[in-house]
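Start counting the sequence shown at 911; every next residue gets the next number (this note's numbering).
Okay, so here's the structure we're looking at.
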Amino acid sequence: MRRTLQRLCFLGIGLLTGCVDVSSPSGADRPVRAAADDPDLCDEHGVLEAVCPQCNPRLVPVFQSSGDWCDEHGFPESFCPSCAPEQGGRPIIQPTATDGAPADGTRVRFRTRKTAEQAGLAVAIAEETDWVDGTHAVARITWDATRVAAVSARAPGVVSAIRAEVGDSVGRGQVLAEVRSAHVAGDRSRLIAATQIRDVAAAEVERQRTLLAGGVSSQRELLASEQALSSAEAVLVAVAAEVALVGAGSGDRTQLTTPLAGTVIARHVRVGQAVDGLQPLFEVVDPQVMWAELDISERDLVGVALGQEVRIQLDALPDALLTGHISALSPMVAPETRTVLARVELDNTAGLLRANLYGTATILGASSTAAVVVPGAAIQRAGAVHLVFVQQQVDTFVARRVRVLARQGEKVRIVGGVSAGDQVVTTGSFLLKTETLKDSIGAGCCDVE
């Protein structure tokens, strides 16, 4: 009975270990019999009696659910007597830490090199670089306020046509809508009248000059006609300016045009709607340049100044690292949030940025330190532990416990068992992690057929 309990305890350890060395299949068709001097092995089947699925059928679904099963021979593939005779019928036991993460140095080895190549793992070189620490802040993308236009009706009237919709790209001076207005018709009529009055006054001046030259008129009469012409011209200039403000068109019709090229981002009007010139009817923005507004905590202001380089990582664009410099820094601390507003201008000729995107900004400091940096994809988390898998051979990988110090975009600064020049696994590192977890079933085989 005591021996049976010992075997069951060994079974628990064997089933929960994370790493496995899987060697090439031997090609043997028959199980290897147990050695006569090894009392722990099953004499009939040649595997450890405590985990023999032939003697303990209840273990079969456990191994099958983990994917560690040889259908051909009816044993766990990781220590199948026919497929892996070098295991001697025993699952390999790797040390596992008490914190639920694999111990530093835990190995994962694929069945064959070909299997490792087919697994699709990708590696990158851990680099030693000059790491510049910085101040972190929340970033949100907004329009460049100098590139936004609100288009309103220039006179009261009724909208007769809509010529642009939200999302349309428009050029400077392009018509957005047409409005019919009695006020516009009146202004244009006054312009015609003022023009005629000016023309009559000009003709009178010419007539007086002719008469004066013939001795028929006096200098006084000429000066009076010239004064009348000046008054008529002044009225004409004023009326023409009023008409010019209402836009192009004729009669009672006027056209609303955009003062800048860009994209229509809002339309607040419909055909038949009465407008009075107070509310904006369209909003147009030039998105070639955007602003990133940063909320910097007051406790971090000591290390922030105009002109500092800023790196921004947006939640919606995790693969894009935006860079710029602080172009404006508010002199006031917001009383509600105890933060200071800073502004960074960003080039958006590629059109990736949109207003109200959020992310994290890092304001880089002036000093740098040497640090080991790996891609973010190389970092895996097991409980409270961060892991990086270092490639030793084509088919062999070692788990290294590391401590994450900082992140900047896709680069992660670490300290621990990884050195500059090590080949670390990026794509496929999650697969390796699953093979080293304490609660992995069976031998944790990384076999990829």
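The beta-carbon is built from N, C-alpha and C at its ideal position, and this holds for glycine as well.
For this session: Can you tell me which of the three DSSP states Ile1051 falls into?
Result: The three-state secondary structure of Ile1051, taken from DSSP, is strand.
Exercise. Can you list the beta strand (DSSP E) stretches of 3 or more residues lying completely in the stretch 1068-1133, in chain order?
Worked result: 1085-1090
Exercise. Using the beta-carbon count (16 or more within 10 Å), is Thr1247 buried or exposed?
Worked result: By the 10 Å Cβ count, Thr1247 comes out exposed.
For this session: For the stretch 1184-1208, list the beta strand (DSSP E) runs that are entirely contained and at least 3 residues long, ordered along the chain.
Result: 1190-1195, 1199-1207
Problem set entry | Cutoff 8 Å; reference Thr1045; Cβ partners in own chain excluding five residues on either side | Cβ within range, chain order: Ile1206, Asp1210, Gly1213, Val1214, Thr1272, Ile1273, Gly1275.
Problem set entry | Counterpart residues of Cys980 in DSSP-defined beta bridges | Phe985
Exercise. Which runs of the beta strand (DSSP E) spanning at least 3 residues fall entirely within the stretch 1204-1275, listed in chain order?
Worked result: Listed in chain order, they are 1219-1224, 1227-1243, 1249-1257.
Exercise. Who are the near neighbours of Leu1444 in its chain, counting only those whose CB is closer than 7 Å to its CB and skipping five residues on each side?
Worked result: No information on residue 1444 is available, as it lies outside the stretch 911 to 1359 that the chain covers here.
Exercise. When DSSP labels each residue in this structure, what does Leu1031 get in the three-state scheme?
Worked result: coil
Exercise. Do Gly1182 and Val1069 come within 8 Å of each other at the CB atom, strictly closer than that value?
Worked result: yes
Exercise. How would you call His1235, buried or exposed, if buried means at least 16 neighbouring beta carbons within 10 angstroms?
Worked result: exposed
For this session: Return yes when the Cβ of Gly1269 is within less than 8 Å of the Cβ of Val1185, no when it is not.
Result: no
Problem set entry | Continuous alpha helix (DSSP H) assignments of at least 4 residues falling wholly in the stretch 1296-1357 | 1339-1346
Problem set entry | Buried versus exposed call for Glu1075 [16 or more other C-beta atoms within 10 Å across all chains shown] | exposed
Exercise. Taking the Cβ atom as the reference point for each residue, do Arg1090 and Leu1170 lie within a distance shorter than 8 Å?
Worked result: no
Problem set entry | Inter-residue spacing [alpha-carbon to alpha-carbon] between Gln1333 and Val1300 | Rounded to the nearest angstrom, the two C-alpha atoms are 6 Å apart.
Exercise. Roughly how many angstroms lie between the CA atoms of Leu1347 and Arg1017, to the nearest whole one?
Worked result: 12 Å
Exercise. Do the stretch 1152-1164 and the stretch 1084-1103 make contact, defined as three or more Cβ pairs closer than 8 Å?
Worked result: Counting Cβ pairs under 8 Å, three or more are found: they touch.
For this session: Output the distance between the C-alpha atoms of Leu1166 and Ala1138, rounded to the nearest integer angstrom.
Result: 36 Å
For this session: Measure the Cβ-Cβ separation of Thr1164 and Val1194 and say whether it is below 8 Å.
Result: no
For this session: Could you tell me whether the stretch 1334-1345 touches the stretch 1291-1300, using the rule of 3 or more Cβ pairs below 8 Å?
Result: yes
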